[in-house]
Each structure stands twice: as structure tokens, then as C-alpha cells.
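Participant: Okay, here's the structure, questions in a sec.
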Amino acid sequence: MNIVSVVSVGDTATGVIDELAASPGKLSIVRRCPELAQLLAACQSGLAQVAVVAQCAGDLTATLVDRLTAVGVSVVAVADSPEDARRLRNLGASVVSGNVSAELLGAAVLGAVESRRHHLSTGFAVPDARESGPAGGVIDGSAGDASPSRSEPERVRSSTAVPGAQGHSNSPPSPSSLGARPRDSGRQDVPAYLGGPPPPGPAAPQPVRPHMSPAGIAAKVRARLHREQNPQRSRRGHQKAATQKTGKQAPGPGTTLPQGGGSTLVAVWGPTGSPGRTTVAINLAAEQAASGRSVMLIDADSFGASIAAALGLLDESASFAQACRVADQGQLNVAQLSRISTQVVFSGGAFSLLTGLTRPDRWPELRAAAVQRVLLLAKEMADLVIVDCGFSLESDEELSYDTVAPRRNAATLMVLSQADIIYALGSSDPVGIPRLIRGLAELAQHCPGADVRVVVNKVRRRAVGGAPERALAQAWERFGPPLPIKHFLPWEPELTDKALLEGRLLQEIAPDAPLRKAIRDISCAAVQRNPESAVRNATAKLEVQR
């Protein structure tokens, strides 16, 4: 019998942790920690498989939960209220009630461990007991997600739902096998907000949620991490197969993934030397918004955020950092993100904006786990998300021994890893082109298989010579990487200086300028896989018939 090792922080009011520690069984409480810092140290040393947070659950953050998950430790947290349950579920933790019994807590721990072994599991989920009968031992933190008026496929399930129906193949273990003594049968182990049976009387109508639930956000985060660990199951192929069968995105066992809505995340990146990332990102967002798309622009540059200044905004709140702080606490949703963002209105339309850091020394606020959650919510809020990234791709090797320390380049690396399209921008001069080539080699190491599109900016005769586009294309073909140059942007310093001085967009100042037209021609549509294969095959068949 495999023993599941557990570390815990504090205990419940009824002493459930003491009861599990005193009785032998499938669970072994290997360490009782007084605070979260010691629990994290114990988990990083490989001491446990599951961390049970009975106290200090209010101090849990998305960053801490992701750190524990990264070292193979599942998190089971005790919630005392519906608000705590929703927040903890949003962080990615499994949730149990404050008056949970020892047998149900043990079943939740075993369920969290077992769910990690499923190849297609998108989180700490096991089949929901409501699918097979009375929910005698359901542990669910969805806070009212289950409603009789909603169909089963639309339901966002529990991240830890312990099946308790009779005859179910995954029925919870007996109290003796968990090392727990029988409890008082009259005790209510599971409150209604954690998925237990509703109180007697007429059922109150369940409100319809205007946006994706926090459980869905956590499930989507874990699903993305699972896809990165299993590159052979690409996101596009998985969604395509699921759409052909059911017309909906395919769920993992026990979890219904939220619909992606076809949103696209575009990262504008370039090496050091000011190749024009901010100018391209701003005007690309404006052009896409003018074409009728819902667009959100994010300034994620942790070294020199400048979108607010380029648009003439006197912003001192750093709304992207503010959104990351709320997301790290597990309290960010689409409505809050909409309130935090700024609406930029121009003559051709409008787009949402999350402004960057007001000071470079505030970079620790942009932690990877929080940035990822903000990006996922931004994709739920807008059809197109454009992110202005920093230049550095270093992974902070001098801090690699300390997995808790923040990384200055974590925001850039997270954006690039999540991006559907990466525009690699470089200057067209003898200094900028070599920097771009070296940067592309480093980018390929961090983001293998990414859809990278090369854009050469500031194209001018004085730096390259006559026929600059042809000369650059020929030199790139001889000395550059296998990626071709997709776009050439001309150098118009008077126009860009005027736009920066007035805080306006290129289409407002000079709609017929070559630079504005070149940026307008940049496409933010994802690359179609093998677009010419069917045409070539059909042409070959016609030639054979002839």
C-alpha cells in the first residue's frame, strides 16, 4: 500500500488533522508547520505529496500555489465561507469546508493525488458525485455553479469533487483505510456552498453568471500547463477534434474547460536597442480596433514601460501591476479587469489598455503566475490581446537555486510562452540586424515551435543603401535564420516624433503615410496549418487525369 505523505499548516476547529495524524492508514502527516513559509520549504525538499492548509489560507496566493504545483505537490485548502472557497478555487487549490470530517478530508487528499496521475487531467479533479446519484460526500468549491436550470456540459465542476454515491467506481475509501476514527453521524460535514445537499424548502433560483467562473479560470491555467508538458497534443489539434465531434471544447475528466472564444494573444518583442516595439504595438492595436475587433493592449515591459507616455496619458496607477496583484490573490475576474483597464478612444474606434510600471524597480509585482492569469482573463474579455514585451530573455541563472525569488524577466517569458503569434521586431541597420538574429536564436530556445514572424523596422536607404528592402532580403537569406522577413516598416522620424509629441495615433495624424499603411497590413490571424497541401494534392490529381 502506497502511503501518501502530507504536510499541513494549523488544524481545523474540530481537530481533524490531529485525528488523521493519530491513526495509521493511507495518509501520513509527515510534518506540522506553523506557517506557510515552513510548509513551502518542506514541500520543496520533496518531503510531501500534498499540502493541507487548514490555517493561513487567507495568505495563499497564486504564486505560492503554482510553486507547490511545480514541485509536484497538490494543495488542499480549508475554506470557512463561500468567498474563501471561490478565491481558493481561483488560485488553483482544492477546497474543503471548515467543518469537514477526517474521512472526507482524507478522501479529498487521495483524490487530489489520484487526479494528478490521469494523463488528460486538467486539474485536481475526479468525477463529480452528482453525475451518479446523491451527493453524500461531495466536496465542491464552485459556490453555486451547479444549478438545475443549467445543462450538465455547461457546468464548471469542482477541482476536487469526491464521489460519494453508492456503486460509483471511485467511491471514497472507508474511514478505517484513511486512518480516521468514525465521527458523529449527526454532524453536517459539507455545507451547501461546498457542494453539499441544499437545505430543506424551495430551491432558490441560481443567478446566471455574466462571465467565466473562477473555477474555470483555474482549470484553464492548469490546462495550459498540461499542454506545455505534453506538446504532442497541441491545442489546435485537440480543439479541432473536439469541435468536429461535439461542437464544443473538449473537457478533461471532471472538469469542463471554458470556451476560448477564438481570442488571439499577440506578443510584440524585439532585442535591446529600441527597435520600435511600443510604436508598433500601439498602432497595431488601433488598426485592429478600427477594423471592428475587440482589442486589449497590455504594457508588460518590466524595464521601460512607455505606452502611457506615448499616448499622452498621465497614468500613475500602473493598471497592469494592479491587475497582477488582484490576480495573485485569486480575486480577479473579467468585470474587475474591465474596471481596472483604461478605455482609449480615438477617431477610428476604441481599445482597452493596461498601462505598465511607473518605475522599473516595481518589477517584482509582475510575477509569472499572476501574469498568466491576467492574460487568460484578457483573452476572455477581448478578441485580440496585444502585449508590448521587454527585450531581455535571460532566466536569471544567479537566482535559479531559489525557486521562490521573483524573476525580472518572468513577465516577458510568460507572455512569449502564452502568445499565439510573436512579432520579432528589429532595426534595419548594421547594429540592429545582428541583434535581431542573435535574439531569434535565443527566442527559439525559450519558445520552441512558436509562431514567430520577423518584422524589420526603420527601413531607410542611408543605413542599408539603394533598394533597402531587396538588400535586406538578400542579406537575410544568406546570413539570417530560416525564418523569412514578413514585413518591412519604413523609417519616418518626423511622423513618429509628431505622434509622440501630441500623444496621437498614426492613423489620426497621417492616414496615408507609408508607415501607417505598413502597420495596417500586419495580420494578427493565426497561421493556418498546411494551407497549401489540399490545393497541391488536387492539382496533382488533375495533372494525372490529363
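The letter at position 143 of the sequence shown is residue 526 when you use my numbering, and the numbering goes up by one with no holes.
A virtual CB, placed ideally from N, CA and C, is assigned to each residue, including glycine.
Select from R790, F729, F774 and Q801 the residue whose C-alpha is nearest the C-alpha of A761.
Facilitator: Numbered from 1 along the sequence shown, position 378 holds the residue referred to as residue 761. Looking at the Cα atoms, Q801 is the closest of the given residues.
Participant: Give me, in chain order, the residues of the same chain whose beta-carbon lies closer than 6 Å to that of K841; leave out the 5 immediate sequence neighbours on both sides.
Facilitator: In the sequence shown, residue 841 corresponds to position 458, counting from 1. Around K841: S810, S811 and W874.
Participant: Buried or exposed: which applies to N385, given that a residue is buried once 16 or more other Cβ atoms fall within 10 Å of its Cβ?
Facilitator: One-based indexing of the sequence shown puts residue 385 at position 2. Counting the other Cβ atoms within 10 Å of the Cβ of N385 gives fewer than 16, which makes it exposed.
Participant: Is the region 455–472 close to the region 425–441, with three or more CB pairs under 8 Å?
Facilitator: yes
Participant: Is it right to say D567 is buried, meaning 16 or more other beta carbons lie within 10 angstroms of its own, or is it exposed?
Facilitator: Within the sequence shown, the letter at position 184 stands for residue 567. The pLDDT assigned to D567 is 43, lower than 50, so where the model puts this residue is not dependable; a value taken from the coordinates is nonetheless given after this. D567 comes out exposed.
Participant: Taking Cβ to Cβ, would you say D803 is nearer than 8 Å to A752?
Facilitator: Here residue 803 corresponds to residue number 420 of the sequence shown, with the count starting at 1. Here residue 752 corresponds to residue number 369 of the sequence shown, with the count starting at 1. In this structure, A752 does not lie closer than 8 Å to D803 by Cβ.
Participant: Give the single residue among V389, R469 and D394 whose Cα lies nearest to the Cα of R414.
Facilitator: Here residue 414 corresponds to residue number 31 of the sequence shown, with the count starting at 1. The residue with the shortest Cα to Cα distance from R414 is V389.
Participant: Alpha carbon to alpha carbon, what distance is there between S702 and E877?
Facilitator: If you number the sequence shown from 1, residue 877 lands on position 494. If you number the sequence shown from 1, residue 702 lands on position 319. Near 31 Å, if we compare the C-alpha coordinates of S702 and E877.
Participant: According to DSSP, which residues form a beta bridge with T647?
Facilitator: Sequence index remark: in the sequence shown, residue 647 carries index 264 (1-based). According to DSSP, T647 bridges with L767.
Participant: Please report the residue range of the beta strand (DSSP E) in which L749 lies.
Facilitator: Within the sequence shown, the letter at position 366 stands for residue 749. Premise fails: L749 is in no beta strand (DSSP E) and is neither H nor E.
Participant: For N840, which three-state DSSP category applies?
Facilitator: Residue 840 sits at position 457 when you count from the first residue of the sequence shown. The three-state reading of DSSP puts N840 in strand, counting E and B together.
Participant: Buried or exposed: where does F774 fall if 16 or more other Cβ atoms within 10 Å of its Cβ makes it buried?
Facilitator: Residue numbering aside, residue 774 sits at position 391 when the sequence shown is read from its first letter. So F774 counts as buried.
Participant: Under DSSP, the beta strand (DSSP E) around C416 begins and ends at which residues?
Facilitator: Numbered from its first residue, the sequence shown carries residue 416 at position 33. Where C416 is concerned, the enclosing beta strand (DSSP E) starts and stops at L410 to C416.
Participant: Pick from T879, L884 and S906: whose alpha carbon is nearest that of A893?
Facilitator: Numbered from its first residue, the sequence shown carries residue 893 at position 510. Comparing Cα-Cα distances from A893 to each of T879, L884 and S906, the minimum goes to T879.
Participant: Let me check one thing: in DSSP terms, what residues is S477 bridge-paired to?
Facilitator: Reading the sequence shown from its first residue, position 94 is the one you call residue 477. Beta-bridge pairing links S477 to V459.
Participant: Measure from the C-beta of I816 to each C-beta in chain D and report whether the shortest distance is under 8 Å.
Facilitator: Within the model displayed, chain D is absent; a lone protein chain is all it includes.
Participant: Looking at the secondary structure, which residues open and close the beta strand (DSSP E) in which D449 lies?
Facilitator: By one-based count along the sequence shown, residue 449 stands at place 66. It is not in any beta strand (DSSP E) - D449 instead sits in the alpha helix (DSSP H) that spans A445 to A453.
Participant: Taking the DSSP output, what are the residues bridged to G732?
Facilitator: As a working mapping, residue 732 is identified with position 349 in the sequence shown. According to DSSP, which records beta bridges pairwise, G732 is partnered with F729.
Participant: Can at least three beta-carbon pairs, one atom from the region 683–694 and one from the region 660–672, be found at a separation below 8 Å?
Facilitator: yes
Participant: Of the residues T446, D904 and L430, which one's Cα is nearest the Cα of P747?
Facilitator: Residue 747 sits at position 364 when you count from the first residue of the sequence shown. If we check each option's Cα against that of P747, T446 comes out closest.
Participant: Tell me whether D682 sits in a helix, a strand or coil according to DSSP, three-state version.
Facilitator: The residue you call residue 682 lines up with position 299 of the sequence shown. D682: strand per DSSP, three-state reduction.
Participant: Which residues does DSSP list as the beta-bridge partners of L737?
Facilitator: Counting from one through the sequence shown, the residue named residue 737 turns up at place 354. Paired residues: I681.
Participant: Got a sec? Which residues, its chain only, sit under 6 Å from V651 by beta carbon, not counting five neighbours each side?
Facilitator: Within the sequence shown, numbered from 1, the residue matching residue 651 stands at position 268. So the list reads R660, V663, A664, D771 and Y806, once near-sequence residues are dropped.
Participant: Answer yes if the region 674–682 comes into contact with the region 816–827, meaning at least three C-beta pairs across the two stretches below 8 Å, and no otherwise.
Facilitator: With a cut-off of 8 Å on Cβ pairs, the region 816–827 is not in contact with the region 674–682, counting fewer than three such pairs.
Participant: Less than 8 Å between the beta carbons of A673 and Q890, yes or no?
Facilitator: As a first step, residue 673 is located in the sequence shown; it is residue number 290 there, counting from the start. As a first step, residue 890 is located in the sequence shown; it is residue number 507 there, counting from the start. The answer is yes: Cβ separation under 8 Å.
Participant: Helix, strand or coil: how does DSSP classify F871 here?
Facilitator: Along the sequence shown, read from residue 1 onward, the residue named residue 871 stands at position 488. It is a strand residue.
Participant: Report the CB separation of S689 from V768 in whole angstroms; it is logged as a contact under 8 Å.
Facilitator: As a working mapping, residue 689 is identified with position 306 in the sequence shown. As a working mapping, residue 768 is identified with position 385 in the sequence shown. That pair is no contact at about 19 Å.
Participant: If you draw a straight line from the alpha carbon of Y576 to that of L872, how long is it in whole angstroms?
Facilitator: Sequence index remark: in the sequence shown, residue 576 carries index 193 (1-based). Sequence index remark: in the sequence shown, residue 872 carries index 489 (1-based). Its pLDDT being 42, under 50, Y576 is placed unreliably by the model, and the measurement read from it follows with that caveat. The straight-line gap from Cα to Cα measures roughly 56 Å.
Participant: DSSP three-state call for L422: helix, strand or coil?
Facilitator: Counting from one through the sequence shown, the residue named residue 422 turns up at place 39. Of the three classes helix, strand and coil, the one that applies to L422 here is helix, per DSSP.
Participant: Distance, Cα to Cα, T655 vs R818?
Facilitator: By one-based count along the sequence shown, residue 655 stands at place 272. By one-based count along the sequence shown, residue 818 stands at place 435. Whole-angstrom Cα-Cα distance: 8 Å.
Participant: Helix or strand or just coil, what does DSSP make of G637?
Facilitator: As a working mapping, residue 637 is identified with position 254 in the sequence shown. Here the model assigns G637 a pLDDT of 30, short of 50, so the residue's position is not dependable and the matter cannot be decided.
Participant: Give me, in chain order, the residues of the same chain whose beta-carbon lies closer than 7 Å to that of I820; leave out the 5 immediate sequence neighbours on both sides.
Facilitator: One-based indexing of the sequence shown puts residue 820 at position 437. The residues are G863 and P864.
Participant: Following the continuous beta strand (DSSP E) through I723, name the residue where it begins and the one where it ends.
Facilitator: Position 340 of the sequence shown, counting from 1, holds the residue named residue 723. Not the beta strand (DSSP E): I723 falls in the alpha helix (DSSP H), residues V717 to I723.
Participant: Report the CB separation of L855 from V837 in whole angstroms; it is logged as a contact under 8 Å.
Facilitator: Locating residue 855 in the sequence shown gives position 472, where the first residue counts as 1. Locating residue 837 in the sequence shown gives position 454, where the first residue counts as 1. No, L855 and V837 are not in contact; Cβ-Cβ is about 10 Å, not under 8 Å.
Participant: Considering only residues of the same chain and omitting the five flanking positions on each side of A434, which have a CB-CB separation below 8 Å?
Facilitator: In the sequence shown, counting from the first residue as 1, residue 434 sits at position 51. So the qualifying residues of the chain are V389, V390, S391, V392, L422, C426, L451, V456, S457, V458 and V459.
Participant: Considering only DSSP beta bridges, list what A664 is partnered with.
Facilitator: Taking the first residue of the sequence shown as 1, we reach residue 664 at position 281. BP columns for A664 are empty, so no partner.
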